[in-house]
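Protein chains in written order, with the numbering used here: chain A, 1 to 207; chain B, 1001 to 1207.
Just so it is clear, CB atoms sit at the ideal spot from N, CA and C, and this is done for glycine as well.
Below is one structure, written out as structure tokens, with a few remarks after it.
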DNA sequence: CGAAAATTTGACATGACTCAACTGGAGTGG
DNA sequence: CCACTCCAGTTGAGTCATGTCAAATTTTCG
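Dropping the structure here:
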């Protein structure tokens, strides 16, 4: 399996990054050797540079993407051009516009890499095929989404019950890595406040 | 199949409400006759009165609940006792505290019936067994949760990008039935605003 | 009918936004 | 190495959306 270039490399099958992925799968389901190799055969490796887009709104979301290394943000744009960060993604997270992927209609969301990011991807056809060949994968994705759903619910709740300051403090606790890696204005957007207001909050905290 | 009482009736197996449920299942997966009867055998019918709780926070969420008729709200309480409505549920929706159900730990959420509500339920053990006997059900629940997840995401987005007034107008459009059935203060809570402010919004609109 | 619950109203407070100006790096090029 | 620009972050003044609290009113329902 040979790739042309460090940048934008793309390859299929068993690969250096596949090992840890299969190990991660074991947290959810148990696969036979054969099933593992079917899974591997459907997955694709890819690297993105900082700033590159995994998905742009208007395009159809062709892959579900598992982040091996790096980080991304999912965001969308209002009619007036303002951006809203919906979520961040880091190692061991899945990203993608589920609705667009399921219905193969244009996506509302953008997914952009914040660092050089290595991912594993699967496209719609291969995933459908994978579900057929390895039904346990239905369970795997059910479990993943279930977890993501619970997280989202908790987040909505917090938006309602906590002040911007408390939300920021919680964010710092939960994603300490992010504080380093992500520009502040994106964090503000994720928290649902303006960059200016986040700035004053930070000042308050440090005093 | 005989039930003791109209209130709090509980029964198992094929039942008047089971037919429409199986029809609803067909929107997502195709089952053989035999599989259908296995599914039916795991499900339980139940009715709740207005005000009754399907789940109380602190208890373990023992069932996933499909609403045949009626409506519910899912909410939780802050330390200071204030309530936050996380979601409403009506006909053809599933409700339950997924996290509590999955891990069989105490729930954070309360689920309360807003009307007399007829439901179909399945408990954890039966669902595990059902997944084993009818693996297609994994797919079914994956699809359901996927949809719910997309909805939640859209909701978060709206909370960030829309004013309280616009959120209310959208709510009226999307859930016209709710406006009739649900007390205003719960809608306010769902929208993340106070009941007083919702009241002034409504006044504005009607002018 | 009467009591409790839900809604409305108004005065006032405040959290968060807007806008515009300023600061301070991190390139970039001469 | 300096001057320049560009981008992120900070600051402050003024404003607006929304919250708080308390009282008045309406609706619901036993």
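Check each candidate in the options and name the one with the smallest Cα separation from residue i.
i: residue 146 of chain A; options: B:1103, B:1030, B:1169, B:1074; result: B:1103
i: residue 84 of chain A; options: A:27, A:73, A:92; result: A:73
i: residue 1105 of chain B; options: B:1061, B:1077, B:1082; result: B:1061
i: residue 1058 of chain B; options: B:1167, B:1183, B:1111, B:1121; result: B:1111
i: residue 1090 of chain B; options: B:1195, B:1163, B:1175, B:1123; result: B:1175
i: residue 123 of chain A; options: A:42, A:27, A:32, A:107; result: A:42
i: residue 1078 of chain B; options: B:1095, B:1097, B:1108, B:1171; result: B:1108
i: residue 24 of chain A; options: A:100, A:126, A:99, A:144; result: A:144
i: residue 37 of chain A; options: A:76, A:133, A:99, A:101; result: A:133
i: residue 1076 of chain B; options: A:19, A:161, A:17; result: A:161
i: residue 1098 of chain B; options: B:1116, B:1118, B:1117, B:1055; result: B:1055
Around the Cβ of residue i, are there at least 16 other Cβ atoms within 10 angstroms (buried) or fewer (exposed)?
i: residue 204 of chain A; result: exposed
i: residue 45 of chain A; result: buried
i: residue 70 of chain A; result: buried
i: residue 47 of chain A; result: buried
i: residue 1149 of chain B; result: buried
i: residue 92 of chain A; result: exposed
i: residue 1067 of chain B; result: buried
i: residue 1208 of chain B; result: A query on residue 1208 of chain B cannot be resolved here, the shown segment of chain B reaching from 1001 to 1207 and no further.
i: residue 1186 of chain B; result: buried
i: residue 138 of chain A; result: buried
Going along chain A, which residues have a C-beta under 9 Å from residue i?
i: residue 1192 of chain B; result: 156, 159, 160
i: residue 1040 of chain B; result: Under the 9 Å cutoff, chain A gives no residues; its nearest Cβ is about 21 Å from residue 1040 of chain B.
i: residue 1132 of chain B; result: The contacting residues do not exist; residue 1132 of chain B stays about 11 Å from chain A at best.
i: residue 1102 of chain B; result: 143, 146, 147, 150
If we ignore side chains and look at the alpha-carbon of each, how far apart do residue i and residue j end up?
i: residue 1188 of chain B; j: residue 1159 of chain B; result: 13 Å
i: residue 1191 of chain B; j: residue 153 of chain A; result: 14 Å
i: residue 1136 of chain B; j: residue 1128 of chain B; result: 12 Å
i: residue 1021 of chain B; j: residue 1035 of chain B; result: 14 Å
i: residue 1114 of chain B; j: residue 1030 of chain B; result: 33 Å
i: residue 1049 of chain B; j: residue 39 of chain A; result: 48 Å
i: residue 53 of chain A; j: residue 1081 of chain B; result: 44 Å
i: residue 28 of chain A; j: residue 1197 of chain B; result: 45 Å
i: residue 178 of chain A; j: residue 1100 of chain B; result: 28 Å
i: residue 226 of chain A; j: residue 1142 of chain B; result: Examination of residue 226 of chain A is not possible in this model, given that chain A is present from 1 through 207 alone.
i: residue 120 of chain A; j: residue 1131 of chain B; result: 28 Å
i: residue 1051 of chain B; j: residue 194 of chain A; result: 40 Å
i: residue 1117 of chain B; j: residue 1180 of chain B; result: 16 Å
i: residue 32 of chain A; j: residue 1151 of chain B; result: 35 Å
i: residue 1207 of chain B; j: residue 206 of chain A; result: 47 Å
Name the chain B residues that come within less than 9 Å of residue i, Cβ to Cβ?
i: residue 135 of chain A; result: 1135, 1136, 1138, 1139
i: residue 63 of chain A; result: Chain B residues near residue 63 of chain A: none, gap ~16 Å exceeds 9 Å.
By Cβ distance, which residues of its chain are closer than 6 Å to residue i, with the 5 residues on each side in sequence left out?
i: residue 87 of chain A; result: 74
i: residue 126 of chain A; result: 42
Near residue i, which residues of its chain fall below 7 Å by C-beta distance, leaving aside the five closest residues on each side in sequence?
i: residue 201 of chain A; result: 164, 165, 168
i: residue 184 of chain A; result: 195, 198
i: residue 1019 of chain B; result: none
i: residue 1094 of chain B; result: 1064, 1065, 1066, 1144
i: residue 17 of chain A; result: 45, 68, 118, 120
Which chain A residues sit within Cβ distance under 7 Å of residue i?
i: residue 1099 of chain B; result: 150
i: residue 1076 of chain B; result: 157
i: residue 1153 of chain B; result: 86, 152
i: residue 1107 of chain B; result: Result: empty, since nearest Cβ-Cβ is about 11 Å, beyond 7 Å.
Tell me whether residue i, by its Cβ, gets closer than 8 Å to a heavy atom of the ligand SAH.
i: residue 133 of chain A; result: Annotation note on the ligand SAH: not contained in the displayed structure, which lists no ligands.
What residues in its chain sit with their C-beta under 8 Å from that of residue i, if we drop five residues either side in the sequence?
i: residue 1182 of chain B; result: 1071, 1073, 1088, 1114
i: residue 252 of chain A; result: There is simply no residue 252 of chain A to check, as chain A begins at 1 and stops at 207 in what is shown.
i: residue 170 of chain A; result: 158, 162
i: residue 155 of chain A; result: none
i: residue 1172 of chain B; result: 1179
Find the residues of chain B that neighbour residue i, judging by a C-beta separation of less than 8 Å, and give them in chain order.
i: residue 56 of chain A; result: Those within 8 Å of residue 56 of chain A in chain B number zero; the least Cβ separation is about 17 Å.
i: residue 164 of chain A; result: Result: empty, since nearest Cβ-Cβ is about 12 Å, beyond 8 Å.
For residue i, return the contacting residues in chain B, with the cut-off set at a CB-CB distance below 7 Å.
i: residue 142 of chain A; result: 1138, 1141, 1142, 1145
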